Amino acid sequence: MSPPDSLQPIPDDPESAIPCEDCQAALRSPGRETISFLLVDELTIPLAGCEEHLDQFSSACGLTAQQRSDLLDFLPAGGISCPACRLARHSAEQPVIPVDAGAVGIMACQEHFSEILTRFHTGIETQHQLTASLDTS
Ligand SMILES: [Zn+2]
Ligand SMILES: [Zn+2]
Numbered sequence: 306m307s308p309p310d311s312l313q314p315i316p317d318d319p320e321s322a323i324p325c326e327d328c329q330a331a332l333r334s335p336g337r338e339t340i341s342f343l344l345v346d347e348l349t350i351p352l353a354g355c356e357e358h359l360d361q362f363s364s365a366c367g368l369t370a371q372q373r374s375d376l377l378d379f380l381p382a383g384g385i386s387c388p389a390c391r392l393a394r395h396s397a398e399q400p401v402i403p404v405d406a407g408a409v410g411i412m413a414c415q416e417h418f419s420e421i422l423t424r425f426h427t428g429i430e431t432q433h434q435l436t437a438s439l440d441t442s
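Each position in the sequence shown, counted from 1, maps to that position plus 305 in our numbering.
Below, the structure written as structure tokens:
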């Protein structure tokens with residue numbers, strides 16, 4: 306007599322909670338082809354996700370940029386200036402930021418992860434304010 310399968314613990318797989326399949330695929334196997342680079346001011350952050358949600362993420366972050374913001378699908382000429390970010394790899398422990406129905410994996414050091422997260426949240430707030438002011442016109 307073996308115990309019924311239903312007693313097995315549910316695997317702790319955060320990626321299964323992402324509705325967007327393209328994001329899931331990109332997060333599962335981030336490689337040279339699937340990694341994009343978000344340039345915001347002096348930051349260069351490697352990202353994994355589908356094109357659509359990377360775009361949403363970068364445009365929200367771009368609203369907070371003082372000088373420039375860009376999304377590249379190749380490593381920029383100057384490379385990544387932060388040595389800790391350069392060493393960061395996407396893994397199961399690496400945090401992902403939910404973006405609409407998708408999620409974007411951030412391959413940066415702790416410091417720059419929290420900076421880009423703050424920028425993203427500020428950008429989303431700004432977007433909401435812009436939308437709200439359009440609605441009341
Ligand atoms: Zn997606
Ligand atoms: Zn860094």
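Cβ coordinates follow ideal geometry from the N, Cα and C atoms, glycine included.
As the structure is a computational prediction, the values presented were derived from the model and not from experiment.
Check                                                                                                                                                  : Outcome
Three Cβ pairs or more, each shorter than 8 Å: is that satisfied between the region 374-385 and the region 431-442?                                    : no
So Pro363 packs on Leu376, CB below 8 Å; how close in whole Å?                                                                                         : As written in the sequence, residue 363 is Ser, which differs from the Pro given in the question. Contact holds; Cβ gap of about 4 Å.
Evaluate contact between the region 405-416 and the region 366-374, counting only Cβ atoms and requiring at least three cross-stretch pairs below 8 Å. : no
Would you call the region 410-418 and the region 341-350 touching, i.e. three or more CB-CB distances under 8 Å?                                       : yes
Rounded to a whole number of angstroms, what is the C-alpha to C-alpha distance between Cys453 and Cys328?                                             : Summary: the structure shown does not reach residue 453, with the chain confined to residues 306 through 442, and so no result is reported for it.
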